[in-house]
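First comes the structure, then the notes that go with it.
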Amino acid sequence: MTDVVVIGAGISGLVCARELLRKGLSVTILEASDRVGGRTFSVSSDSGSRVDLGGQWVAVEGQQPHIRQLMRELGLEVHPQHYQGQRVLDLQSREAPLHYNSDIPSGIGVGGLVAVQCAIWWCAIRARLSVGPAASCDRNGKLARFDAQSAAVLEKMVGNSGKGATKGLVAAMVRGVFGCEPQELSWLHMLHYAACAGGVERLLKIKGGFQEFTIVGGAQQVSELLAKEVTSLGGNGSSESGC
Numbered sequence: 001m002t003d004v005v006v007i008g009a010g011i012s013g014l015v016c017a018r019e020l021l022r023k024g025l026s027v028t029i030l031e032a033s034d035r036v037g038g039r040t041f042s043v044s045s046d047s048g049s050r051v052d053l054g055g056q057w058v059a060v061e062g063q064q065p066h067i068r069q070l071m072r073e074l075g076l077e078v079h080p081q082h083y084q085g086q087r088v089l090d091l092q093s094r095e096a097p098l099h100y101n102s103d104i105p106s107g108i109g110v111g112g113l114v115a116v117q118c119a120i121w122w123c124a125i126r127a128r129l130s131v132g133p134a135a136s137c138d139r140n141g142k143l144a145r146f147d148a149q150s151a152a153v154l155e156k157m158v159g160n161s162g163k164g165a166t167k168g169l170v171a172a173m174v175r176g177v178f179g180c181e182p183q184e185l186s187w188l189h190m191l192h193y194a195a196c197a198g199g200v201e202r203l204l205k206i207k208g209g210f211q212e213f214t215i216v217g218g219a220q221q222v223s224e225l226l227a228k229e230v231t232s233l234g235g236n237g238s239s240e241s242g243c
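Each residue of the sequence shown is one higher than the one before, counting from 1 in UniProt numbering.
Structure (structure tokens):
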């Protein structure tokens, strides 16, 4: 008989299984896919190097201490994310993508950029006061109302700027961080995510943010190495492919 069943063989599930096994419990991991890794997915290119198609970035030690500690345990290293040169941003609300070389996208006007920056600050303040460490008890059901809303409230905030590209930039930010459209994302989840990250700008920035480094050899290695360790500790697994 198994003491604990863990659902999902991503990083969280595998770390959970490893710690339970270290405590002497028996563990079975159930995974719907035919691979480990969850949102991390690394494939081999024609040149033989591994390319990440899923989650891939990590921040400096002080901003993401847990994953960096885990990487040290597994013997994994990082290299800086390359981002010099011309940048291209497709907002889907314009006929042509934006091309720019600075950190700030050009082409949506000063008013649009101010509106987007204000939306970022407002989201960060909301996150800190509503779901962060400084939040008070939810006595009036505010969190339930936030959960019933979608992140499209940010698009509504900048809607008065007069440019469709402004709303498109907000949508692009959500897609880049969460991999979905604003209307598909819980507003409460976005606030909680931003609060855990220490602010919205950390989620968006490369230098000094959460996209500053990638993992040498691909991010899926974290789960692959964890899976080997879990197996060596006596863990069992079952996936869609029967593994």
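Note that CB positions come from ideal geometry on N, CA and C, so glycine has one too.
Given the structure is predicted, the values throughout are model-derived calculations rather than measurements.
Sequence-distant Cβ neighbours of A227 in its own chain, meaning closer than 7 Å and more than five residues away, are A9, L14 and V36. Taking C-alpha positions only, E201 is separated from M1 by approximately 47 Å.
With 16 or more other Cβ atoms from the protein chains shown falling within 10 Å of its own Cβ, L154 counts as buried. It is roughly 14 Å from the alpha-carbon of A59 to the alpha-carbon of V177.
Three or more beta-carbon pairs drawn from the region 77-87 and the region 202-221 are found closer than 8 Å, and the two stretches are therefore classed as touching.
A Cβ-Cβ contact shorter than 8 Å links V222 with L70. Nearest in C-alpha terms to L20, of all of D3, L89 and G209, is D3. Across the structure, G209 and C196 are spaced so that their CA atoms are roughly 13 Å apart. Per DSSP, the continuous beta strand (DSSP E) segment holding I7 begins and ends at V4 to I7.
In this structure, DSSP gives F178 a helical state, which the three-state scheme calls helix. A direct Cα-Cα distance of roughly 14 Å separates D46 from D52.
Scanning its chain for C-beta atoms nearer than 7 Å, with the 5 sequence neighbours on each side dropped, one finds around A151 the residues V174, P182, L185, W187 and M190, in chain order. Contact between R18 and L204 is ruled out by a C-beta separation of about 32 Å, above the 8 Å threshold. Scanning its chain for C-beta atoms nearer than 6 Å, with the 5 sequence neighbours on each side dropped, one finds around L74 the residues L225, in chain order.
As the crow flies, the alpha-carbon of G218 is around 19 Å from that of S33.
In this model, S130 and Y193 are separated by some 12 Å (Cα to Cα). Its Cα nearest to that of G54, the residue F41 stands out among H66, G62 and F41. Here L185 carries a coil assignment [DSSP, helix/strand/coil].
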